[in-house]
Amino acid sequence: MNKIRFNEFGLSKEMQKAIEDLGYEEATPIQTESIPLVLQGKDIIGQAQTGTGKTAAFGIPALELMPHEGKHVHTLVMCPTRELALQVAEEIAKLGKYKKYATLLPVYGGQPIERQITALKKGVRVVIGTPGRIMDHLDRGTLDISHIGMVVLDEADEMLNMGFRDDIEKILRSAPQQRQTVMFSATMPKPILDITRKYLKDPVHIRIEHEVLTVPKTEQTYFEVRGREKIDALTRLIDFHNLKLSMVFCNTKRGVDDLVEQLRARGYSVDGLHGDLSQGMREKVLGRFRKGTLEILAATDVAARGLDIDDVEAVFNYDMPQDEEAYVHRIGRTGRAGKEGKAFTFVSGGDFQKLKNLQRYINHKMKMGKVPSFGDIEEMKIQSLAKNIREAAKEKDAKKYIHMVENLLDDDITSLDVAAYLMREKFAFSVKAAAPAQEEEIKSGDGNTVTISINVGRKDRVKPGDLLGTVAGEANISGKLIGDITIQDRLSYLEVPSSLAEKIVRAVRGKKLKGKKLEVKTV
Ligand code: ADP
Ligand code: MG
3 MNKIRFNEFG
13 LSKEMQKAIE
23 DLGYEEATPI
33 QTESIPLVLQ
43 GKDIIGQAQT
53 GTGKTAAFGI
63 PALELMPHEG
73 KHVHTLVMCP
83 TRELALQVAE
93 EIAKLGKYKK
103 YATLLPVYGG
113 QPIERQITAL
123 KKGVRVVIGT
133 PGRIMDHLDR
143 GTLDISHIGM
153 VVLDEADEML
163 NMGFRDDIEK
173 ILRSAPQQRQ
183 TVMFSATMPK
193 PILDITRKYL
203 KDPVHIRIEH
213 EVLTVPKTEQ
223 TYFEVRGREK
233 IDALTRLIDF
243 HNLKLSMVFC
253 NTKRGVDDLV
263 EQLRARGYSV
273 DGLHGDLSQG
283 MREKVLGRFR
293 KGTLEILAAT
303 DVAARGLDID
313 DVEAVFNYDM
323 PQDEEAYVHR
333 IGRTGRAGKE
343 GKAFTFVSGG
353 DFQKLKNLQR
363 YINHKMKMGK
373 VPSFGDIEEM
383 KIQSLAKNIR
393 EAAKEKDAKK
403 YIHMVENLLD
413 DDITSLDVAA
423 YLMREKFAFS
433 VKAAAPAQEE
443 EIKSGDGNTV
453 TISINVGRKD
463 RVKPGDLLGT
473 VAGEANISGK
483 LIGDITIQDR
493 LSYLEVPSSL
503 AEKIVRAVRG
513 KKLKGKKLEV
523 KTV
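Under the working numbering, think of the first position of the sequence shown as 3, with each following residue one higher.
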């Protein structure tokens with residue numbers, strides 16, 4: 003399946019900028035197929051699995067086709083549930099960020115209808131809602147769809163399963179004849195075909211077929227981690243497996259940039275690859291990765307395509323890939339030439355359906371993994387040291403070093419003292435970092451966190467690394483204990499263990515960052 007870049011659709015500047023802000027690098031297969039057709043005014047039926055970017059597949063053309071003037075509802079989107087309606091509204095709001103006239107309103111049951119009525123009276127251009135609530139507004143005369151240009155049925159099969167068929171048909175009948183209808187459905191049972199025949203005009207049926215690829219015999223493990231725990235899970239897995247060459251895949255350019263910063267702030271040797279880099283920069287990064295001076299390469303799928311790097315120790319799916327083929331391409335970079343490879347996939351929140359589809363596609367049940375604790379990492383380090391000692395004892399020059407130790411021994415110094423001293427030298431850094439961290443980890447309970455706010459942000463040119471450095475440094479805690487970092491224009495939020503919040507607030511308050519005196523609060 004060919005995918006294309008968003009600048010090939012001939013979209014408006016406002017739309018391209020919004021997509022750029024979202025960090026999407028290329029269109030997913032369903033977007034590649036749908037966007038041009040919908041822009042041409044065609045009715046379509048799109049069949050693709052969840053998580054493949056269907057919202058933007060209709061959201062982008064709907065916003066592009068919307069007249070700039072006027073107060074009438076232009077696009078009406080039906081979704082099966084309140085959650086989905088809210089998700090769609092959020093994505094469309096981001097896509098319409100630079101089209102100020104593209105006002106939108108989600109409508110669903112459970113929210114006071116009066117509030118929705120007030121908003122509708124002011125005039126909104128996109129209404130996203132459950133069929134039940136949309137019908138309710140039509141009955142009350144509080145929603146006028148007589149001028150709409152497009153109706154979208156998102157997850158149509160799901161809506162039928164939920165018993166919305168009558169409402170959907172009524173809504174479709176009340177909408178003007180001259181409209182465009184876009185339908186998405188994972189399956190095509192008879193009732194869906196009936197609706198299609200009755201209400202869609204010459205629809206083009208788009209079905210995203212999978213390229214059949216062989217999945218390498220790599221150890222594949224998934225980890226259930228919440229978004230803000232991903233960075234911690236990643237660093238622990240890298241430490242635990244002592245990885246010297248890994249690739250980490252993110253779905254967006256911004257994701258790559260954020261990850262690179264967060265890893266750098268934690269002292270890892272990392273760089274990122276994505277479509278915004280010049281050819282020169284790209285070559286430089288790749289060169290360092292090939293030589294092994296760079297241990298971690300973070301990349302988007304686009305940037306990684308066509309790279310002749312295929313013997314990495316591990317591949318991380320930091321974000322679940324957009325489609326199954328991308329997964330196969332990603333993990334194909336490890337476990338080559340008979341070497342043992344590892345593929346780690348982070349699954350969070352809404353990714354479970356994707357995981358199910360993925361396992362069906364690759365016809366392989368992935369192992370569920372547990373993120374190692376600091377204790378596990380220390381244990382592993384000691385074990386590997388024991389192995390090295392055992393091997394060194396067999397070496398020819400072992401005698402020479404044994405003599406050196408013997409020469410040191412006297413009434414006060416035992417060989418155990420010598421060993422302990424050398425251990426301290428060897429582990430000085432990691433023990434310093436891990437010991438207090440481990441203590442804090444225990445004290446902080448099982449992941450209870452709170453959010454603190456700090457009065458600096460993007461406008462102060464503050465980066466995640468600055469915040470991490472300041473907070474960890476001033477409070478004298480390990481940076482590993484700090485979770486998600488969100489930076490707004492003038493304010494930033496950090497997730498910290500509840501048990502340390504007070505200490506952090508006290509330590510950081512009044513200190514300076516980028517010349518600004520810091521105010522810190524728990525929120
Ligand atoms: P679906 O409706 O097919 O289940 P969504 O529209 O909800 O999928 O999209 C799933 C996720 O993928 C969302 O987080 C969305 O922001 C993201 N996404 C959509 N299109 C792209 C793209 N072209 N590149 C990267 N991420 C994308
Ligand atoms: Mg969807």
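We treat Cβ as the ideally placed atom computed from N, Cα and C, and that holds for glycine.
- Close CB contacts of Met190 within its chain, under the 7 Å cut and outside five residues either way in sequence, are with Gln49 (chain order).
- Within the region 88-140, the alpha helix (DSSP H) runs of at least 4 residues that lie entirely inside it are, in chain order, 115-124.
- C-alpha of Tyr329 to C-alpha of Lys358: approximately 13 Å in a straight line.
- DSSP links Ala316 through a beta bridge to Ser248, Lys344.
- At a cut-off of 3 residues, the continuous stretches assigned as beta strand (DSSP E) that sit fully inside the region 246-286 are 248-251, 272-275.
- Arg463 is positioned such that its CB atom lies no closer than 9 Å to that of Arg492.
- A residue is called buried when at least 16 other Cβ atoms come within 10 angstroms of its Cβ; Pro108 meets this threshold and is buried.
- By the CB criterion at 9 Å, Asn409 and Met322 fall outside the cutoff.
- For Ala503 and Ala477, the gap between their C-alpha atoms comes out near 10 Å.
- In this model, Glu116 and Leu155 are separated by some 25 Å (Cα to Cα).
- Counting along the chain, Ile208 sits inside no alpha helix (DSSP H); it lies in the beta strand (DSSP E) bounded by residues 206-209.
- Of the residues Glu315, Val227, Val262, Glu28, the one whose Cα lies closest to the Cα of Ile240 is Glu315.
- Counting only runs of 3+ residues, the beta strand (DSSP E) found wholly inside the region 57-93 occupies 77-80, in chain order.
- Straight across, the Cα-Cα distance linking Val458 with Thr472 is about 12 Å.
- The Cβ-Cβ distance between Lys101 and Glu16 falls below 9 Å.
- With a cut-off of 8 Å, the C-beta of Leu265 is classified as distant from the ligand ADP, since no heavy atom of the ligand falls inside that distance.
- Straight-line measurement puts the Cα of His207 at about 22 Å from the Cα of Ala177.
- Check the Cα spacing between Leu202 and each of Val153, Leu247, Ala188, Asn163: the tightest is with Val153.
- In this chain, the beta strand (DSSP E) harbouring Pro499 covers 494-499.
- At least 9 Å separates the beta-carbon of Val349 from that of Thr336.
- Restricting attention to alpha helix (DSSP H) runs no shorter than 4 residues, the region 440-489 encloses them at 466-477, ordered along the chain.
- Taking Leu162 as reference, the option from Glu35, Lys192, Leu145, Ala400 with the minimal CA-CA separation is Lys192.
- For a cut-off of 8 Å, the C-beta gap from Arg511 to Glu521 is around 7 Å, short enough to register as a contact.
- If you ignore the 5 residues before and after Met370, its C-beta comes within less than 8 Å of the C-beta of Thr223, Tyr224, Phe225, Glu226, all in its own chain and listed in chain order.
- Taking the Cα positions, Glu10 is about 43 Å away from Pro114.
- DSSP places Ile233 within a helical segment (H, G or I) once states are collapsed to three.
- Assignment of Thr34 by DSSP, reduced to helix, strand and coil, places it in the helix class.
- The C-beta separation of Phe291 from Leu299 comes to about 5 Å, placing the pair in contact by the 8 Å criterion.
- Out of Gly53, Gly12, Arg284, the CA that lies nearest to the CA of Glu326 is found in Gly53.
- DSSP places Gln182 in the uninterrupted beta strand (DSSP E) bounded by 182-186.
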